[in-house]
């Protein structure tokens, strides 16, 4: 039986008998061995494209499903089908489905906007596009900005031999750092907004950090891209994309649909309703249901209203979205025990990490919060990581925004900025990589990308620590 079908059967067997059983897993009782499937899927993403590229390309969904089964089946045996089913339902309804629905809507709407015309990828133009992407990211989300601009950026540089560095800096700036100023920018900040953090709090408290990081990255990129452009063999003899007389937009209806996506996300944050449905112990609120249903309708409307020629010109396809959806299904499933162990705080297997963020006098250490949140966000999903350290710092938004403002700033910056450290730190990273590879760009491997982030981002993070998070 194929792995996805087997996983679906197991889900049915787990959920149906224990649908009414609600149980939070006590992370303090778990062994670190429960984290092996999560480590396994991360290593698979890192190594298999290098060691077995053809197999990975055709079967990465089955690999993700296999690691999901490697966690779920032993978990059901150890804790019972009810607990396993409740944990699975929570991961699906509270995390994975909203995550995929939002990404699909942004992917579809942005993919329905074609920026017409042949831009020429000079250092100045590439830097300008990165600036535009950084500005858009905090208002239409890192995913929306990434999906809107990555295709024209690649097309502008399709007459050059070296393009990977352009995409890498795009991930650094547009897919991550640019989304740090509002809750619309990145999921961790949206979760903070839902917890009571003011909408404009982040722009007022981490704007200097964002300006420094984005400014430094733009300067480094401009110098690096200029160096590449000065090489004699850099430009191909013929530009694959013919010149056009003007720059314009096709599929303009999708700008309105993009506004609808933003409105639906904001509505779910501002609208408070006591109406909620208990599904196997997971409360699904009415605002979330309306948001997700609305996003599905927006997705369908975009597919219906966008002319076929626009999708053809954009070379729009579902492969990048399918890759993200399949891989993150395995990640969201195998991450269940890891998050539970982190939530256990000092009593859990990762107690040393939690203890490290507190000074001897009991006060929080912003520098340690910045690095702990950031490093875990590099490999775990940055949204639940943000929540773990938000709650570790007390979980009271009013106190965190005032008395402990440096700590909340450190948590917010770490979750958003360091999501750029790996391909899996933030969902747009993997989507941009998939689109670039689909367009023929030879992207760095998992560890190759980490050499870029380690050599460029980490030194900047160290400087930021001494300036803002001491």
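Residue numbers (this note's numbering): 791 to 1260. No residue lacks a Cβ here, since even glycine has one placed at the ideal position from N, Cα and C.
Check: Is it buried or exposed for residue 1161, if we count other Cβ within 10 angstroms and need 16 for buried?
Finding: Looking up residue 1161 in the chain shown gives position 371. Residue 1161 should be labelled buried.
Check: The alpha helix (DSSP H) with residue 1213 in it runs from where to where?
Finding: Numbered from 1 along the chain shown, position 423 holds the residue referred to as residue 1213. Taken as a continuous stretch (DSSP letters only), residue 1213 belongs to no alpha helix (DSSP H), as it is neither H nor E.
Note to self: Taking 7 Å as the threshold (C-beta atoms), are residue 928 and residue 972 in contact?
What the structure shows: Working through the chain shown from its first residue, we reach residue 972 at position 182. Working through the chain shown from its first residue, we reach residue 928 at position 138. Judged by their CB atoms, residue 972 and residue 928 are nearer to each other than the 7 Å cut-off.
Checklist line | Environment of residue 992 [buried if 16+ CB atoms lie within 10 Å] | finding: Residue 992 sits at position 202 when you count from the first residue of the chain shown. Residue environment analysis places residue 992 among the buried positions, since at least 16 neighbouring C-beta atoms fall within 10 angstroms of its C-beta.
Check: Is it true that the CB of residue 1147 sits closer than 7 Å to the CB of residue 1158?
Finding: Locating residue 1158 in the chain shown gives position 368, counting from the first residue. Locating residue 1147 in the chain shown gives position 357, counting from the first residue. In this structure, residue 1147 lies closer than 7 Å to residue 1158 by Cβ.
Next item on the list: Would you mind listing the alpha helix (DSSP H) stretches within the stretch 903-946 that are 4+ residues and don't spill past its ends, in chain order?
Entry: List check, alpha helix (DSSP H) in window: 913-946.
Notebook entry, point to check: Nearest to residue 1113 by CA position, among 850, 872, 1196 and 843, is which residue?
Noted result: As a working mapping, residue 1113 is identified with position 323 in the chain shown. Among 850, 872, 1196 and 843, the Cα nearest to that of residue 1113 belongs to 850.
Check: Quick one: what's got a C-beta closer than 7 Å to residue 1187's C-beta in the same chain, skipping five residues either side?
Finding: As a position in the chain shown, residue 1187 is number 397, starting the count at 1. Excluding positions up to five away in sequence, the list reads 985, 986 and 987.
Item checked: Coil, strand or helix - residue 1153 by DSSP -> As a first step, residue 1153 must be located in the chain shown, where it is residue number 363. The three-state secondary structure of residue 1153, taken from DSSP, is coil.
Check: Can you round the beta-carbon distance between residue 1214 and residue 1169 to whole angstroms, since I take them to be within the 8 Å contact cut?
Finding: In the chain shown, the residue the question calls residue 1214 occupies position 424. In the chain shown, the residue the question calls residue 1169 occupies position 379. That belief holds up - the Cβ atoms of residue 1214 and residue 1169 are roughly 7 Å apart, short of 8 Å.
Check: With a CB to CB cut of under 6 Å and the five nearest residues on each side skipped, what residues in its chain are close to residue 1084?
Finding: Stepping through the chain shown from its first residue, residue 1084 is reached at position 294. Excluding sequence neighbours, residue 1084 sits near 1054.
Next item on the list: Pick out whichever of 1142, 1106 and 1191 has its Cα sitting closest to the Cα of residue 902.
Entry: Taking the chain shown and counting its residues from 1, one reaches residue 902 at position 112. Of the candidates 1142, 1106 and 1191, the one whose C-alpha sits nearest the C-alpha of residue 902 is 1106.
Notebook entry, point to check: Mapping DSSP to helix, strand and coil, what is residue 1140?
Noted result: Indexing the chain shown from 1 puts residue 1140 at position 350. Here residue 1140 sits in coil by DSSP.
Notebook entry, point to check: On the premise that residue 1065 lies in contact with residue 883, defined as a C-beta separation below 8 Å, what is that separation, rounded to the nearest angstrom?
Noted result: Within the chain shown, the letter at position 93 stands for residue 883. Within the chain shown, the letter at position 275 stands for residue 1065. Contact between residue 883 and residue 1065 is ruled out by a C-beta separation of about 15 Å, above the 8 Å threshold.
Notebook entry, point to check: Roughly how many whole angstroms lie between the Cα atoms of residue 952 and residue 940?
Noted result: Stepping through the chain shown from its first residue, residue 952 is reached at position 162. Stepping through the chain shown from its first residue, residue 940 is reached at position 150. Going from the Cα of residue 952 to the Cα of residue 940 covers about 16 Å.
Next item on the list: Give the straight-line distance between the Cα atoms of residue 896 and residue 975, rounded to the nearest whole angstrom.
Entry: Here the question's residue 896 lines up with position 106 in the chain shown. Here the question's residue 975 lines up with position 185 in the chain shown. Roughly 12 Å between the two C-alpha positions.
Notebook entry, point to check: Is DSSP giving residue 1078 helix, strand or coil here?
Noted result: Sequence index remark: in the chain shown, residue 1078 carries index 288 (1-based). Three-state DSSP puts residue 1078 in a helix.
Item checked: Pairwise C-alpha distance: residue 1249 and residue 1003 -> Taking the first residue of the chain shown as position 1, residue 1003 is located at position 213. Taking the first residue of the chain shown as position 1, residue 1249 is located at position 459. Using only the alpha carbons, I get a separation of about 11 Å.
Next item on the list: Using the DSSP secondary-structure output, state which residues sit across from residue 1068 in a beta bridge.
Entry: Position 278 of the chain shown, counting from 1, holds the residue named residue 1068. Bridge partners of residue 1068: 1073.
Notebook entry, point to check: Between which two residues does the beta strand (DSSP E) containing residue 1040 stretch?
Noted result: Stepping through the chain shown from its first residue, residue 1040 is reached at position 250. Where residue 1040 is concerned, the enclosing beta strand (DSSP E) stretches over 1038-1040.
Note to self: Using the three-state DSSP reduction, which class does residue 894 fall into: helix, strand or coil?
What the structure shows: Sequence index remark: in the chain shown, residue 894 carries index 104 (1-based). Here residue 894 sits in helix by DSSP.
Next item on the list: Consult DSSP for residue 1192 and reduce its assignment to one of helix, strand or coil.
Entry: Within the chain shown, numbered from 1, the residue matching residue 1192 stands at position 402. Reduced to three states, the DSSP call for residue 1192 is coil.
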